[in-house]
Amino acid sequence: MLENLDPTLLARIQFAFTISFHILFPAFTIGLASWLAVLEWRWLKTGKQVYADVYRMWVKIFAVTFGMGVVSGVVMSFQFGTNWSRFADAGGSVLGPLLGYEVLTAFFLEASFLGVMLFGWNRVSPKMHFAATVIVAVGTLISAFWILSANSWMQTPQGFRVGADGLLYPTGWLLVIFNPSFPFRFVHMITAAYLTTAFTVAGIGAFYLWRQRHIAHARVMFGMAMIMAVFVAPLQLVLGDLHGLNTFKHQPAKVAAMEGLWETRQGAPLVLFGWPDQQEEMTKYALEIPKMSSLILTHDLDGEVKGLKEWPADERPPAAWVFWAFRIMVGLGMLMIATGVIAIVLYFRKRLFDTRWFQYSCMALTPAGFVAVLAGWFVTEVGRQPWIVQGLMRTQDATSPVIGTSIAISLAAFIIVYVFVFGAGSYYILRLIGKGPEDAQAAYGDHGVEKPPIVTELTGKKGEQHA
Amino acid sequence: MLNFESFVDLPLIWYGLIATAVFLYILLDGFDLGVGILFPFAPTDQCRDRMMNSIAPFWDGNETWLVLGGGGLFAAFPLAYAIIMPALYIPVIIMLLGLIFRGVAFEFRFKAAGKSRRIWDDAFHFGSLVAAFMQGVIIGAIVQGIKVEGRSYAGGAFDWLDAYSVMTGVAVVFGYALLGGTWLVMKTDGETRDWAKKCASYVIGYVAVFLAIVSISMPIMNADIRNLWFSMPNFFFLLPIPVASLVMLIIIWRDLHAGREYRPFLLSFGVFLTGYLGIAISMWPYIVPFEITFRQAAAAPESQSLLLVGTIIMLPVVLAYVGFCYYLFRGKASHESLY
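Top line first, the protein sequences correspond to chains A and B. First residue of the first sequence: 31, per the working numbering; consecutive thereafter. First residue of the second sequence: 505, per the working numbering; consecutive thereafter.
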């Protein structure tokens, strides 16, 4: 039975599974690292204990998430070879250095200073500790820079030539690194990571407010998260739109799939919902707004938008996946923007921290960022199919000479291990959330460790103020 | 376009750099995997806490050398990466799964109480054991040669598995146990250190035996290797390698009994260096033995040049702050929760 499985499909499923699992952790830690840096800065600046407490609670969650990100990330560095060796061979000279730079400039930085951030309380000064937090945060951004550059190059390749041997050779590094879709994808992803963190923190802050626990800490979490929702969620709409226009220019087939459009036409409608049918080459049950697609994409009511039929059937992405993933992402984005708007209204009515229904709504949106990030990646990755490198190399020509059985078994192993390990990780994170910020200090006491000097120092300062 | 091809021998430099990265990985993750291998044999839970704490700030950085080795191979020798990974598909994936279990155990163990802590104790031990064993299997498979046609792996799914690769797998487990044991002698005190001493001196005998088996078997299995080592005057130039290895093992054994705490660990590095050099010299100039040389597998000179600039700038910086971390967390580890 296993012999009949298509190795390309299996390799794709395996890669989709391992990368989807992996991206959840960076999506969270990129935002969390930056937020922790802000918290520690606020604490150093104001001396308010509440910031230190919130930092201590979230740095533990950060550590668990980061650990899971590292181990699932090590897997990724091998998947290029285990699953896509012909791509690794052909594209290695162009993409390899970008990944090499990621390790050299980001991974070591993160790994080393994470140790200081987690275990260095007693060994370095508060300022040095803050520096370590900032360095880790910067490291996550550098890492995102390189990996998104590499991914963007696969979407919009340039700065290379195809050699006589069929391999790709670089001709201009700045062209490779700063390929046309990279700036848009980078900014869009970083913003997405910030929003993911913000909505997770908002949900947990809302939970404490709703349960009336850790009120002071919850206000810091919820308040800071709402600032992000107010300012960054609408910004993301603009950035996403710019990214979409960039895709329209360079990967029009992907946009056609996102919009569910099959015919090339002037004044193309915006299909709100429907079911794109690959066989019948049409979007069934479509609910449309006339001319809106043309307006959004070309800024002209009668602008031309290419439909999927423009490309031969074997060069079209599977439209239903792209279409629906795109709607999930945009829908969640809209909910995030709405949250920001409601937050402003409640703030001016002085009801931001005690409106019950808004707390429920924020709790419900806790995983929104994660889902939106995954949906967004499905849009861009599935939308690039059938290419692994747009227009250059097909995914089916990129596979490794590994039999389907091996891939199927290892896929099953990955699923079992990931569900178990990352399920346990989620459980421990939930327990940390259950404990909350104040008990975090008691936990130090339980293990018989002397109070970290940073806290003692601060209590001292407070005492002076009282005196 | 940036290209140092006419000034320096890029493939050779990169061969050296990748070999160094892999070696640093073996040394550094070797000692923390070794701690995982010895983990369940420790006398008390308090010892286990200490063992864990002694490596908690370092394991993540140590594992990054693996990513550098893998990523660097992809970047500098994509053809070798594209052949070796499919050839070793199963052992590589099992190794990665092992690394997942032992990696998350650091975080989870201190958060779990009672029975569930046991799960993560086991995850840490078996994860380390499996990862170490598979790394040894991978070495054993590579030194026996990999079947290649054109630019692709041409062997079966289980070509890597035979008695020899199982033997090298066990050898690496004992080797890492030596690194882990001597690390613990250096980084812990009291009961844990005394126990680690016993472990290390017990393991030394096995390490010596396995080194001898590998040293004797490789020239027997392969005529080229035999000619390399046993032709004159090579024999005399290369003789110091096995001799140094033997001498260092003896000194470690004596140091452990004399109560020295730092030198055994450093000399274990030396033993690994001689073993690694021995294998590296035997493989020369192949990067996919015995089919593809490192020159054939090299990436475009422009790619190797760009990466070289980054490496020359970044590697000293990386080494500096890695060193800073080891300095910061110097001294003996305690058993209290760090998390």
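We treat Cβ as the ideally placed atom computed from N, Cα and C, and that holds for glycine. Given the structure is predicted, the values throughout are model-derived calculations rather than measurements.
Using C-beta distances below 8 Å, list every residue in its chain close to residue i, excluding the 5 sequence neighbours before and after it, in chain order.
{"i": "E765(B)", "result": "V689, M690 and R697"}
{"i": "V154(A)", "result": "V146 and A162"}
{"i": "I91(A)", "result": "L62, I459, L462 and I463"}
{"i": "L74(A)", "result": "P156, K157 and F160"}
{"i": "W176(A)", "result": "L128, L129, Y131, E132, T135 and A136"}
{"i": "F212(A)", "result": "L178, S179, S182, W183 and T186"}
{"i": "G337(A)", "result": "A286, L291, W292, E293, T294, R295 and A298"}
Out of the options, which one is the CA nearest neighbour of residue i?
{"i": "F794(B)", "options": "M725(B), I541(B) and A560(B)", "result": "M725(B)"}
{"i": "V451(A)", "options": "A804(B), F612(B) and R552(B)", "result": "F612(B)"}
{"i": "L300(A)", "options": "A283(A), I319(A), H247(A) and K314(A)", "result": "I319(A)"}
{"i": "L472(B)", "options": "D759(B), I717(B), Q800(B) and I522(B)", "result": "Outside the displayed range of chain B (505 to 843) lies residue 472(B), so it cannot be described from this structure."}
{"i": "Q639(B)", "options": "A802(B), V826(B) and G538(B)", "result": "G538(B)"}
{"i": "A398(A)", "options": "A283(A), A222(A), G455(A) and L265(A)", "result": "A222(A)"}
{"i": "V80(A)", "options": "P210(A), V250(A) and T226(A)", "result": "V250(A)"}
{"i": "R424(A)", "options": "T170(A), F117(A) and R379(A)", "result": "F117(A)"}
{"i": "V822(B)", "options": "W624(B), S735(B) and N566(B)", "result": "N566(B)"}
{"i": "L715(B)", "options": "Y680(B), N738(B) and A675(B)", "result": "A675(B)"}
{"i": "M364(A)", "options": "T48(A), S142(A), A263(A) and L302(A)", "result": "A263(A)"}
{"i": "F278(A)", "options": "Q266(A), S324(A) and M256(A)", "result": "S324(A)"}
{"i": "A232(A)", "options": "H244(A), A167(A), Y457(A) and M254(A)", "result": "M254(A)"}
{"i": "T59(A)", "options": "G111(A), T95(A), N152(A) and F378(A)", "result": "T95(A)"}
{"i": "T692(B)", "options": "T524(B), L514(B), F741(B) and R552(B)", "result": "R552(B)"}
Keeping to the same chain, check which residues put their C-beta closer than 6 Å to that of residue i; ignore five residues upstream and five downstream.
{"i": "G602(B)", "result": "G631, V634 and A635"}
{"i": "G644(B)", "result": "Y668, S669 and T672"}
{"i": "E411(A)", "result": "none"}
{"i": "T135(A)", "result": "I172"}
{"i": "A470(A)", "result": "With a pLDDT of only 45 at A470(A), under the threshold of 50, the placement of this residue in the model should not be trusted; the figure read from the coordinates follows. The answer, listed in chain order, is R86 and M87."}
{"i": "C703(B)", "result": "L542 and G685"}
{"i": "M787(B)", "result": "P793"}
{"i": "A627(B)", "result": "F605 and A609"}
{"i": "A472(A)", "result": "Legend: pLDDT at A472(A) = 43, less than 50; position of this residue unreliable, value from coordinates given subsequently. Nothing meets the Cβ criterion."}
{"i": "M752(B)", "result": "L771, G774 and V775"}
{"i": "G370(A)", "result": "A259, V260 and A263"}
{"i": "F637(B)", "result": "G673 and V677"}
{"i": "W518(B)", "result": "A580 and Q808"}
Quick test of your reading: residue i and residue j, contact by CB under 8 Å. State the CB separation rounded to the nearest angstrom.
{"i": "F229(A)", "j": "M366(A)", "result": "7 Å"}
{"i": "A560(B)", "j": "F149(A)", "result": "7 Å"}
{"i": "Q426(A)", "j": "T38(A)", "result": "5 Å"}
{"i": "R3(A)", "j": "A405(A)", "result": "Outside the shown range of chain A (31 to 497) lies residue 3(A), about which nothing can therefore be said."}
{"i": "L760(B)", "j": "K701(B)", "result": "5 Å"}
{"i": "L225(A)", "j": "L275(A)", "result": "About 21 Å; that fails the 8 Å criterion."}
{"i": "F562(B)", "j": "C829(B)", "result": "7 Å"}
{"i": "P348(A)", "j": "Q420(A)", "result": "Incorrect: roughly 16 Å between the Cβ atoms, too far for contact."}
{"i": "S809(B)", "j": "W757(B)", "result": "Contact flag wrong, Cβ pair sits at about 47 Å."}
{"i": "I165(A)", "j": "L441(A)", "result": "Going by Cβ atoms, the distance from I165(A) to L441(A) rounds to 37 Å, so no, they are not a contact pair."}
{"i": "F769(B)", "j": "W687(B)", "result": "6 Å"}
{"i": "W203(A)", "j": "L506(B)", "result": "7 Å"}
Tell me which same chain residues have a C-beta within less than 7 Å of the C-beta of residue i, skipping the five on either side of it?
{"i": "L35(A)", "result": "G434 and A438"}
{"i": "V409(A)", "result": "M288, V352, A355, F356 and M359"}
{"i": "L198(A)", "result": "A120, G121, S123, V124, F190 and V192"}
{"i": "G654(B)", "result": "none"}
{"i": "G475(A)", "result": "Residue confidence for G475(A) is low, a pLDDT of 35 falling below 50, so the modelled location carries little weight; the figure read from the coordinates is stated next. Correct list: empty, nothing qualifies."}
{"i": "W305(A)", "result": "T313, K314, Y315 and A350"}
{"i": "L781(B)", "result": "I745"}
request  = Check each residue of the segment 172–184 of chain A: if its Cβ is closer than 7 Å to any Cβ of chain B, include it; give the result in chain order.
outcome  = For the segment 172–184 of chain A, the beta-carbon criterion of a distance under 7 Å to any beta-carbon of chain B is satisfied by none of its residues.
query = Are at least three pairs of beta-carbons, each pair with one atom in the segment 583–590 of chain B and one in the segment 624–635 of chain B, less than 8 Å apart?
reply = Flag = no, the segment 583–590 of chain B and the segment 624–635 of chain B do not touch.
Short-range partners of chain B found in the segment 294–306 of chain A, where Cβ spacing is below 8 Å = For the segment 294–306 of chain A, which is checked against every Cβ of chain B, not one residue is closer than 8 Å.
Under 8 Å (Cβ pairs) to chain B, residues found in the segment 419–436 of chain A = Flagged, chain order: S430, P431, V432, I433, T435 and S436.
message = For the segment 117–128 of chain A, list every residue whose C-beta sits within 9 Å of some C-beta in chain B, in sequence order.
response = Within the segment 117–128 of chain A, contact with chain B at the beta-carbon level (separation under 9 Å) is assigned to F117, A118, D119, A120, G121, G122, S123, V124, L125, G126, P127 and L128.
ask   = Does the segment 592–599 of chain B come close enough to the segment 167–186 of chain A to have 3 or more Cβ pairs within less than 8 Å?
value = No: fewer than three Cβ pairs fall under 8 Å.
ask   = So does the segment 97–111 of chain A actually touch the segment 38–58 of chain A, counting three or more Cβ pairs closer than 8 Å?
value = Contact between the segment 97–111 of chain A and the segment 38–58 of chain A is present, because at least three Cβ pairs lie under 8 Å.
request  = Could you tell me whether the segment 329–336 of chain A touches the segment 296–316 of chain A, where touching means 3 or more Cβ pairs closer than 8 Å?
outcome  = With a cut-off of 8 Å, the segment 296–316 of chain A and the segment 329–336 of chain A count as touching, because enough Cβ pairs lie within range.
ask   = What residues from the segment 542–571 of chain B come within 8 Å of chain A, judged by C-beta to C-beta, listed N to C?
value = For the segment 542–571 of chain B, residues whose beta-carbon sits nearer than 8 Å to a beta-carbon of chain A comprise A560, P561, F562, D564, G565, E567, T568, L570 and V571.
ask   = Would the segment 743–755 of chain B and the segment 796–805 of chain B be scored as touching if the rule is three or more Cβ pairs under 8 Å?
value = Short answer: they don't touch.
query = Taking contact to mean at least 3 C-beta pairs separated by less than 8 Å, is the segment 544–559 of chain B in contact with the segment 571–580 of chain B?
reply = By the Cβ test, the segment 544–559 of chain B is not in contact with the segment 571–580 of chain B, since fewer than three Cβ pairs between them sit closer than 8 Å.
ask   = Does the pairing of the segment 382–392 of chain A with the segment 230–245 of chain A give three or more beta-carbon distances under 8 Å?
value = Taking 8 Å as the limit for Cβ pairs, the verdict is that the segment 230–245 of chain A does touch the segment 382–392 of chain A.
query = Any residues in the segment 137–164 of chain A with a beta carbon nearer than 9 Å to a beta carbon of chain B? Which ones, in chain order?
reply = Among the residues of the segment 137–164 of chain A, those with a Cβ less than 9 Å away from any Cβ of chain B are F137, F138, L139, E140, A141, S142, F143, L144, G145, V146, L148, F149, G150, R153 and V154, in the order of the chain.
task = Could you please tell me which residues of the segment 651–685 of chain B, in chain order, have their CB closer than 7 Å to any CB of chain A?
result = Residues R655, S656, Y657 and A661.
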